[in-house]
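Enquirer:
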DNA sequence: CCCGTACTACGATGCTTATCGTACGACTCG
DNA sequence: CGAGTCGTACGATAAGCATCGTAGTACGGG
């Protein structure tokens with residue numbers, strides 16, 4: 095087996111394993127407007143995005159905080175790539191644990207954004 | 095401008111109208127284990143239930159608080175019937191605003207309860 | 001080796017919330 | 001009327017959380 099050492103950065107981040115993800119935690123993570131917006135952008139793109147890609151109405155420290163909440167609740171996966179920290183939705187894990195939930199949530203968020211002004 | 099109506103003998107309760115219900119509020123309401131449990135029982139029964147029907151691991155004041163959060167977020171509808179206060183899921187409103195969401199949430203909660211010990 | 005970029009860690013702050021107990025109001029039934 | 005049941009209101013408390021600024025660490029490129 096190709097013991098491909100995947101560039102073991104000294105900076106790695108604690109993620110919950112699939113079985114540790116709790117629905118309450120996911121809902122709490124998504125109940126914040128800033129975090130919901132992040133997740134919507136990640137889902138729209140379909141690819142991992144760096145933190146700095148997002149233009150959020152909060153400071154950089156607060157942005158870090160929100161990304162940590164999303165990671166610790168199991169909604170996103172984070173890993174470093176050079177100086178950039180890449181963020182990706184944990185679609186596989188969430189779809190396995192809670193089939194259909196993520197799509198319903200994203201659809202609901204989209205409908206609400208359409209009704210009101212993208213908020 | 096609101097000519098403060100005295101509201102003399104009324105025991106009626108403020109509910110958000112359908113259009114005021116916000117996804118973030120609903121998710122926040124359901125991110126508490128006690129409230130999620132209440133909603134699951136309401137959905138399982140399919141009918142309105144009195145507050146006292148629930149055997150929750152919190153005090154009576156706290157129970158009142160949780161029911162109020164659910165009502166103000168638009169998840170349940172409450173009305174008095176004699177001394178009892180009846181609680182019913184706002185299925186029609188939620189399904190109209192966020193089609194499929196409530197069912198996905200309930201299914202997700204059910205699966206999680208199965209995996210772990212009914213928690 | 002130094003500098004700029006990307007992000008974090010820490011401490012502070014003010015707001016929200018989950019919790020409780022106690023005292024009270026509304027209703028029903030004797 | 002009086003007692004019991006059901007639920008509320010209020011005040012207190014402790015914890016949580018969203019927010020910020022500042023100072024610092026890791027990495028990549030000149």
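Protein chains in written order, with the numbering used here: chain L, 95 to 213; chain S, 95 to 213. Glycine residues also receive a C-beta, built at the ideal position from the N, C-alpha and C atoms.
Contact between the region 173-180 of chain S and the region 164-172 of chain L is defined here as three or more beta-carbon pairs at a separation below 8 Å; is this criterion met?
Expert: They do not touch, by the three-pair rule.
Enquirer: On the three-state DSSP scale, how would you describe residue 103 of chain S?
Expert: The predicted position of residue 103 of chain S is uncertain, since its pLDDT is 34 and thus under 50; a value taken from the coordinates is nonetheless stated next. It is coil, neither helix nor strand.
Enquirer: So for residue 182 of chain L, helix, strand or coil by DSSP?
Expert: The answer is strand: DSSP assigns residue 182 of chain L an E or B state.
Enquirer: Within 7 Å (strictly less), CB to CB, does residue 118 of chain L reach chain S?
Expert: Output row for residue 118 of chain L: interface = yes.
Enquirer: Ordered along the chain, which non-local residues of its own chain (more than five positions away) have a Cβ less than 8 Å from that of residue 201 of chain L?
Expert: Cβ neighbours of residue 201 of chain L beyond the five flanking positions: none.
Enquirer: By Cβ distance below 7 Å, which residues in the same chain neighbour residue 142 of chain L in space, the five residues on each side in sequence not counted?
Expert: If we look at residue 142 of chain L and ignore the five residues flanking it on each side, its Cβ neighbours are 180, 181 and 182.
Enquirer: Using a Cβ-Cβ cut-off of 6 Å (strictly less than) and excluding sequence neighbours within five positions of residue 211 of chain S, which residues of its own chain qualify?
Expert: Nothing listed; no residue qualifies.
Enquirer: Give me, in chain order, the residues of the same chain whose beta-carbon lies closer than 7 Å to that of residue 184 of chain S; leave out the 5 immediate sequence neighbours on both sides.
Expert: Within the same chain, residue 184 of chain S has close Cβ partners 168, 169, 170 and 171.
Enquirer: I need the DSSP call for residue 150 of chain S, collapsed to helix, strand or coil.
Expert: In the structure shown, residue 150 of chain S sits in coil (DSSP, three-state: anything other than H, G, I, E or B).
Enquirer: Check the Cβ-Cβ distances between residue 111 of chain S and every residue of chain L, and say whether any is below 7 Å.
Expert: Closer than 7 Å: no.
Enquirer: Please state whether the Cβ-Cβ distance between residue 122 of chain L and residue 146 of chain S is less than 7 Å.
Expert: Not in contact: residue 122 of chain L and residue 146 of chain S (Cβ atoms no closer than 7 Å).
Enquirer: I'd like to check one pair, residue 115 of chain S with residue 191 of chain S: are the Cβ atoms closer than 7 Å?
Expert: Yes, Cβ-Cβ distance for residue 191 of chain S and residue 115 of chain S is below 7 Å.
Enquirer: Check residue 167 of chain S in the structure and name its three-state DSSP category.
Expert: Coil.
Enquirer: Closest to residue 117 of chain S by C-alpha separation, out of S:204, S:199 and S:134, would be which residue?
Expert: Of S:204, S:199 and S:134, the residue nearest in Cα terms is S:199.
Enquirer: Under a Cβ-count criterion, where at least 16 other Cβ atoms within 10 Å of its own Cβ denotes burial, should residue 149 of chain S be classed as buried or exposed?
Expert: With fewer than 16 Cβ atoms within 10 Å of its Cβ, residue 149 of chain S is classed as exposed.
Enquirer: By how many angstroms is the C-alpha of residue 129 of chain L removed from the C-alpha of residue 97 of chain S?
Expert: The predicted model places residue 97 of chain S with a pLDDT of 31, which falls under 50 and marks its position as unreliable; any figure quoted below should be read in that light. When rounded, the distance between both Cα atoms is 39 Å.
Enquirer: For residue 251 of chain L, which residues from the same chain have a beta carbon less than 6 Å from its beta carbon, with the 5 sequence-adjacent residues on both sides left out?
Expert: Lying before the first or after the last residue shown, residue 251 of chain L is absent from chain L, which here runs from 95 to 213.
Enquirer: According to the neighbour-count rule (16 or more other Cβ atoms, all chains shown, within 10 Å of its Cβ), is residue 138 of chain S buried or exposed?
Expert: It is exposed - the Cβ of residue 138 of chain S has fewer than 16 other Cβ atoms within 10 Å.
Enquirer: Taking all protein chains shown into account, do 16 or more other C-beta atoms lie within 10 angstroms of the C-beta of residue 120 of chain S, making it buried, or fewer, making it exposed?
Expert: It counts as buried.
Enquirer: Given a cut-off of 7 Å, decide if residue 203 of chain L and residue 105 of chain L are closer than it, judged by their beta-carbon atoms.
Expert: Not a contact, by the Cβ cut-off of 7 Å.
Enquirer: Taking the C-alpha atoms as reference points, what is the distance between residue 154 of chain S and residue 108 of chain S?
Expert: Roughly 20 Å separates the two Cα atoms.
Enquirer: Leaving out the 5 sequence neighbours to the left and right, which residues in its chain are closer than 6 Å to residue 65 of chain S when beta-carbon positions are compared?
Expert: For residue 65 of chain S there is no data in the structure shown, the boundaries of chain S being 95 and 213.
Enquirer: Helix, strand or coil: which one does DSSP assign to residue 155 of chain L?
Expert: It is helical.
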